[in-house]
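Visitor:
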Amino acid sequence: MWARRGGRAPIICRPKRHFVINDVRWCALALLLVLGLSSGAFLLPQTWLHYLALINLLLLVQGRYLGGRLKGLLVIFTSQLAITSLLYLLLHGVERLPEGITAVCRILMAMIPGWWLSIACSPQRIGEVLSHCLPHKWTFVLAACFGILPYLGQETREIYQMQVMRGANIRLKSLWRPRHWHELIYCVLYPLLIQLLKLSKQMATAARLRQFGRHPKPTHWPF
Amino acid sequence: MALVRLSQIHFNFQTAAQPLFEDLNLTIAPGECHLIHGYTGCGKSTLLKLLLGILERPWEGEREIAEGATLGVVMQDPNVQLLRQTLGAEVAFALENLGVASNEMLLQVRSALRRVGLYISLDTPIASLSLGQRYRLMIAAQLVLEPDLLLLDEPWAQLDDQGVAELSAVLNQLKQQGVALLIVEHHRGVFKDLVTHRWQLSQGKLHGVAPAQAEASPSQECWRESPAWPQGEAVIDSHGFTLAFHERQKLFDAESLLLFPGEIAALVGDNGCGKSTLLKSLAGIQADIDPLGIKVFGKKPKLGRFGADLALLHQRPSRQLFENTVIEEIQFSLRRFGLPLEWAIELLGQLGLTTLARHSPHTLSYGQQHLIALASLACFRPKLLLLDDPFAGLDEHFTSKIVALLLELSRQGTAIVVASHRPIAELPIDRLWRVADARLECFGMATACEKQAYSRVG
Numbered sequence: 141m142w143a144r145r146g147g148r149a150p151i152i153c154r155p156k157r158h159f160v161i162n163d164v165r166w167c168a169l170a171l172l173l174v175l176g177l178s179s180g181a182f183l184l185p186q187t188w189l190h191y192l193a194l195i196n197l198l199l200l201v202q203g204r205y206l207g208g209r210l211k212g213l214l215v216i217f218t219s220q221l222a223i224t225s226l227l228y229l230l231l232h233g234v235e236r237l238p239e240g241i242t243a244v245c246r247i248l249m250a251m252i253p254g255w256w257l258s259i260a261c262s263p264q265r266i267g268e269v270l271s272h273c274l275p276h277k278w279t280f281v282l283a284a285c286f287g288i289l290p291y292l293g294q295e296t297r298e299i300y301q302m303q304v305m306r307g308a309n310i311r312l313k314s315l316w317r318p319r320h321w322h323e324l325i326y327c328v329l330y331p332l333l334i335q336l337l338k339l340s341k342q343m344a345t346a347a348r349l350r351q352f353g354r355h356p357k358p359t360h361w362p363f
Numbered sequence: 141m142a143l144v145r146l147s148q149i150h151f152n153f154q155t156a157a158q159p160l161f162e163d164l165n166l167t168i169a170p171g172e173c174h175l176i177h178g179y180t181g182c183g184k185s186t187l188l189k190l191l192l193g194i195l196e197r198p199w200e201g202e203r204e205i206a207e208g209a210t211l212g213v214v215m216q217d218p219n220v221q222l223l224r225q226t227l228g229a230e231v232a233f234a235l236e237n238l239g240v241a242s243n244e245m246l247l248q249v250r251s252a253l254r255r256v257g258l259y260i261s262l263d264t265p266i267a268s269l270s271l272g273q274r275y276r277l278m279i280a281a282q283l284v285l286e287p288d289l290l291l292l293d294e295p296w297a298q299l300d301d302q303g304v305a306e307l308s309a310v311l312n313q314l315k316q317q318g319v320a321l322l323i324v325e326h327h328r329g330v331f332k333d334l335v336t337h338r339w340q341l342s343q344g345k346l347h348g349v350a351p352a353q354a355e356a357s358p359s360q361e362c363w364r365e366s367p368a369w370p371q372g373e374a375v376i377d378s379h380g381f382t383l384a385f386h387e388r389q390k391l392f393d394a395e396s397l398l399l400f401p402g403e404i405a406a407l408v409g410d411n412g413c414g415k416s417t418l419l420k421s422l423a424g425i426q427a428d429i430d431p432l433g434i435k436v437f438g439k440k441p442k443l444g445r446f447g448a449d450l451a452l453l454h455q456r457p458s459r460q461l462f463e464n465t466v467i468e469e470i471q472f473s474l475r476r477f478g479l480p481l482e483w484a485i486e487l488l489g490q491l492g493l494t495t496l497a498r499h500s501p502h503t504l505s506y507g508q509q510h511l512i513a514l515a516s517l518a519c520f521r522p523k524l525l526l527l528d529d530p531f532a533g534l535d536e537h538f539t540s541k542i543v544a545l546l547l548e549l550s551r552q553g554t555a556i557v558v559a560s561h562r563p564i565a566e567l568p569i570d571r572l573w574r575v576a577d578a579r580l581e582c583f584g585m586a587t588a589c590e591k592q593a594y595s596r597v598g
C-alpha cells in the first residue's frame, strides 16, 4: 500500500483520522452496536444507565485516541444542559432538576456512539454496509452526509464569525435575549442553508460526471 | 479528426440583456491544448458545462462528440469534487460506478496516481493533502475513466507557483499521450509551454489570440511610490512569534510584525503556508493555535473585541450575504455599529454599483457578489482591514475596482493586510510579509536593502 513519496509534502499536518474498522462485516457489527447503544440511551431504565455510561466512556476514550475531537460534543452537552436545566427550574422547580439532567445525559449517550462510528469507520464502508439494505443512491447520500459533517461544522463557525465581526447581535451574551434569536437564524442559518444547497448540487454534479448511477450494481473499493 | 465540435452556439440567461454565447464555434482535436480566457462572468464556466452536457438551461446550436470519446473535468474548486475521505477511495469512485470488480481496481488506481505523480499511500486522508496535490488527485480520479478531453476550470488562479509547475508537468505528459486539454483562465499568459490554441471569450464569441499577444503573468510586487510613512500607534505589533497548531507541526516563525495606520501590507506565500491562519489569529478567531503575543490596537485579539475597528474578508466572501437587497446588505453593519447609513450609498456610487442597490445580492455574478461582500466591510471604515485572497477568480475590471477601494481606505487611515499566494502587481504596497521555508520575513520600501534581499529571494 506504500510507494515512493513524491511531490510536495503538505506544510500543515492535520491529525490523522484512522478508520480502523475497514472490514465490511466488522463495520456492520459496529453499526448494529451503535444502533443498540443509541436506542438503549432512550429505552433503558435508569438503573442500567451507569453501565451504558461506562461503555460510552470507553468509546469516548477510543475516539479521542483515534483523533476525534470532543469539543463539539462538549458544546452541545453544555448548551443543552443549560437550556434544559433553566426550563426545568422555571416549569417544575428545583426538586425535578435531576430529571432534566438525566434527560440531557441520555441525549448525550445517544450521540456518542454515532460520533465514535464516524471516527472508527470510513463513510464509504458504512455506505457499503447500508447498500445491502438500501438503494445505492440513498447509501451514497448517507455516506456523503457523514463525510461533509466536519465541513459543515467549519462552515457554520466561519459564517458565525463573519457575522459577529459585521456587528450581528449573535454572541453568547446577546443570545440570552430571545429577541436576538431571529438574527442568528437570519445571519447564520440562512447563508448556511444556501451554502449547503450549493454544495449538494456541486457534489451531485461531480458524482454524475464520474458515472454515478450508470451501473445497476456498483462495486466497492476494497481498502 | 475532431474530438469535440461546437457549432453556432447561442445561449443566454433569462435575466441577461445580452446573449452569453452568440454564434460560438470551437473544434478540439486529440493532443491539442486550448486556453480560453475572458473577463469574470463572460461565460467560461458555462462553456465547460455546455461541453460536458450538464448545462441545465436550453441552448441552440450543435454539440458533436466523437463516438466513444470521454470527457473529464476538474472544477474551479477541487474540494467540492472530492467525495471520499482517502486517496485510493477517491480515485476508485468512478470505477465503482462502472461496476469494475474490486480486485481489478487496485492496478487502475495505482496507474492513475502514478500518471499524475502522486506516490502516496492509498489510505492517506485527503484532508492532509495540499491544494496542488488535491488538484492532481482530481485529475487521477478522471484518468481512471481514460478521458480523451480533460477540462480544467481556472487552475492557475487556485494554485501557487509550485502547484502550477507540478500541474504543468502532468498536463504536458497527458498531452503527449494524446489527451486533449481545455483550460479556462483569466490570465492569458499562463501555461505558455503547454498551450497550442489561445482564445479570448468576449461578446459571445471565441476570438483567436496570437502567442505574441499573450502577456506575461503578473508575479512581481508593486511598491507604493509615495509610501504612507508610519504615523501614530502601531495597529499590529509583535516582537516575534511562532505560529503553530496545538500539538502539531509549526507553520512558521516570525521575527517581528509591525503595521501602522494607512499602510498596506501584502502577505504572500504558497498554499497552506499559514496565511489564512495568521489573518484569523490577528482577528482573534483562530482557536487551535499556541499563544502568539501579537497585539492589535495594543490588545490581545479576540472575536468581537474591536467592533467596527477591525474587519476580515474571508475566502469565498459571498458566504456572508443574507439580506434581500444590496443596499440592505451594506447597511447592515452601519446599523449595528450606529454609523450613518448614507455611507453605504456613497460607497456604492464610488464602486459604480448604484444601479444594483435594489437587486438581491444572491442574483449577482461572482465578481459582483465578491465586491458587495467587500463593500459591506469597507463601508464602516475599519481601522484595520484583513483580506484573505480578495482577488481570487476576479478579472482586471473587478481587480482595479477593489484596488481603488483599498487605496481610498488607506488614504483615510485604514491599515490593510492582503493575503495571496502570489504578489498582486496592481496593488501598491508599503510592506511585504513573505512566508517561505516556515519563516515569515518582513520587507519595507523604506529600507532598500530589504527589497534587494527580497528580489534575490524571489
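Keeping their order, the protein sequence lines are chains W and X. Counting from 1, position 46 in the first sequence corresponds to residue 186 in my numbering; the numbering is continuous, with no gaps. Counting from 1, position 412 in the second sequence corresponds to residue 552 in my numbering; the numbering is continuous, with no gaps. Where is the CB? At the ideal position from N, CA and C, for every residue including glycine. Values in this document were obtained by computation on a predicted structure and should not be read as measured data.
Can you say whether residue 196 of chain W is buried or exposed, counting buried as having 16 or more other CB atoms within 10 angstroms of its CB?
Guide: Buried, because 16 or more other Cβ atoms sit within 10 Å of the Cβ of residue 196 of chain W.
Visitor: On the CB-based measure, 16 or more other CB atoms within 10 Å of its CB, does residue 354 of chain W come out buried or exposed?
Guide: Flag for residue 354 of chain W reads exposed.
Visitor: Determine, using beta carbons only, whether residue 352 of chain W comes closer than 7 Å to chain X.
Guide: So, interface residue.
Visitor: Between residue 267 of chain W and chain X, is any beta-carbon pair separated by less than 7 Å?
Guide: Not closer than 7 Å to any Cβ of chain X, the Cβ of residue 267 of chain W fails to qualify, so no.
Visitor: Just how far apart, CA to CA, sit residue 520 of chain X and residue 444 of chain X?
Guide: Cα to Cα, the separation comes out at about 15 Å.
Visitor: Let me check understanding here. Comparing Cα to Cα, which of W/350, W/362 and W/307 lies closest to residue 213 of chain X?
Guide: Residue 213 of chain X has its Cα closest to that of W/350, out of W/350, W/362 and W/307.
Visitor: Apart from the five residues on each side of it in sequence, which residues of its chain come closer than 8 Å, Cβ to Cβ, to residue 143 of chain W?
Guide: Legend: pLDDT at residue 143 of chain W = 36, less than 50; position of this residue unreliable, value from coordinates given subsequently. Nothing listed; no residue qualifies.
Visitor: Only counting the same chain, and skipping five residues up and downstream in sequence, which positions put a Cβ closer than 7 Å to that of residue 164 of chain X?
Guide: The answer, listed in chain order, is 146, 149, 344, 345 and 346.
Visitor: Name the residues in the stretch 299 to 310 of chain W whose C-beta lies less than 8 Å from a C-beta of chain X; which are they?
Guide: For the stretch 299 to 310 of chain W, which is checked against every Cβ of chain X, the residues closer than 8 Å are 299, 301, 302, 303, 304, 305, 306, 307, 308 and 309.
Visitor: Nearest chain X C-beta to residue 168 of chain W closer than 7 Å, yes or no?
Guide: So, not an interface residue.
Visitor: Using DSSP with H/G/I as helix, E/B as strand and the rest coil, what is residue 434 of chain X?
Guide: Correct three-state label for residue 434 of chain X: coil.
Visitor: Residues of chain W with CB closer than 8 Å to the CB of residue 437 of chain X, please, in chain order.
Guide: In chain order: nothing, as chain W lies at least about 14 Å away.
Visitor: Could you please give the first and the last residue of the uninterrupted alpha helix (DSSP H) stretch that includes residue 242 of chain W?
Guide: First-last of the alpha helix (DSSP H) with residue 242 of chain W: 237 to 260.
Visitor: Starting from the C-beta of residue 170 of chain W, find all residues in its chain whose C-beta is less than 7 Å away, skip the five residues before and the five after it, and write them out in chain order.
Guide: Contacts found: 161, 257, 260 and 261.
Visitor: Assuming residue 309 of chain W is part of the beta strand (DSSP E), what are its boundary residues?
Guide: Taken as a continuous stretch (DSSP letters only), residue 309 of chain W belongs to no beta strand (DSSP E), as it is neither H nor E.
Visitor: If the criterion is Cβ atoms closer than 7 Å, does the pair residue 433 of chain X and residue 381 of chain X meet it?
Guide: Yes, the pair counts as a contact, with Cβ atoms nearer than the cut-off.
Visitor: If you draw a straight line from the alpha carbon of residue 242 of chain W to that of residue 339 of chain W, how long is it in whole angstroms?
Guide: Cα-Cα distance, rounded: 38 Å.
Visitor: Report the CB separation of residue 280 of chain W from residue 347 of chain W in whole angstroms; it is logged as a contact under 8 Å.
Guide: Confirmed, about 7 Å.
Visitor: Could you tell me whether the Cβ of residue 191 of chain W comes closer than 7 Å to any Cβ of chain X?
Guide: With 7 Å as the cut-off, residue 191 of chain W does not count as an interface residue toward chain X.
Visitor: Which runs of the beta strand (DSSP E), 3 residues or longer, sit entirely within the stretch 162 to 225 of chain X?
Guide: You should have 173 to 177, 200 to 205 and 211 to 214.
Visitor: For residue 360 of chain X, name the three-state secondary structure that DSSP assigns.
Guide: DSSP places residue 360 of chain X in coil when its eight states are reduced to three.
Visitor: Per DSSP, residue 528 of chain X forms a beta bridge with which residues?
Guide: Residue 528 of chain X pairs with X/559.
Visitor: Please identify the residue among W/159, W/168, W/287 and W/320 whose C-alpha is closest to the C-alpha of residue 205 of chain W.
Guide: Ranking W/159, W/168, W/287 and W/320 by Cα distance to residue 205 of chain W puts W/159 first.
Visitor: So, at 7 Å on beta carbons, what are the nonlocal neighbours of residue 184 of chain W in its own chain, with the 5 sequence-adjacent residues on each side left out?
Guide: For residue 184 of chain W, where only same-chain residues beyond five positions count, the Cβ hits under 7 Å are 192.
Visitor: Quick one: list the residues of chain W neighbouring residue 251 of chain X, beta-carbon separation under 8 Å, in chain order.
Guide: By Cβ distance, chain W contributes nothing, its closest Cβ being about 12 Å from residue 251 of chain X, past 8 Å.
Visitor: Could you pull the start and end residues of the beta strand (DSSP E) that residue 167 of chain W belongs to?
Guide: Where residue 167 of chain W is concerned, there is no enclosing beta strand (DSSP E), although the alpha helix (DSSP H) it sits in stretches over 164 to 183.
Visitor: What residue does the beta strand (DSSP E) around residue 384 of chain X start on, and which one ends it?
Guide: From DSSP, the beta strand (DSSP E) with residue 384 of chain X extends over 381 to 384.
Visitor: When the cut-off is 7 Å and only beta carbons count, does residue 466 of chain X lie next to chain W?
Guide: So, not an interface residue.
Visitor: So, at 7 Å on beta carbons, what are the nonlocal neighbours of residue 166 of chain X in its own chain, with the 5 sequence-adjacent residues on each side left out?
Guide: Within the same chain, residue 166 of chain X has close Cβ partners 146 and 346.
Visitor: Taking residue 228 of chain X as the query, report the chain W residues whose CB atoms sit under 7 Å from its CB, ordered along the chain.
Guide: What residue 228 of chain X touches in chain W: 361 and 363.
Visitor: How would you call residue 464 of chain X, buried or exposed, if buried means at least 16 neighbouring beta carbons within 10 angstroms?
Guide: The residue in question, residue 464 of chain X, is exposed, as its Cβ has fewer than 16 Cβ neighbours within 10 Å.
Visitor: Tell me the residue span of the beta strand (DSSP E) that contains residue 583 of chain X.
Guide: Note, residue 583 of chain X: beta strand (DSSP E), 579 to 584.
Visitor: Would you mind working out which of X/282, X/507, X/198 and X/524 sits nearest residue 404 of chain X, comparing C-alpha positions?
Guide: Residue 404 of chain X has its Cα closest to that of X/524, out of X/282, X/507, X/198 and X/524.
Visitor: For residue 332 of chain W, I'd like the list of residues in its chain whose CB is within less than 7 Å of its CB, leaving aside the five on either flank, ordered along the chain.
Guide: Only 295, 296 and 299 meet the Cβ criterion.
Visitor: I need the straight-line Cα distance from residue 274 of chain X to residue 305 of chain X, nearest angstrom please.
Guide: Distance between the alpha carbons of residue 274 of chain X and residue 305 of chain X is about 14 Å.
Visitor: Compare the beta carbon distance of residue 362 of chain X and residue 530 of chain X with 7 Å and say whether it is the shorter of the two.
Guide: Contact: no.
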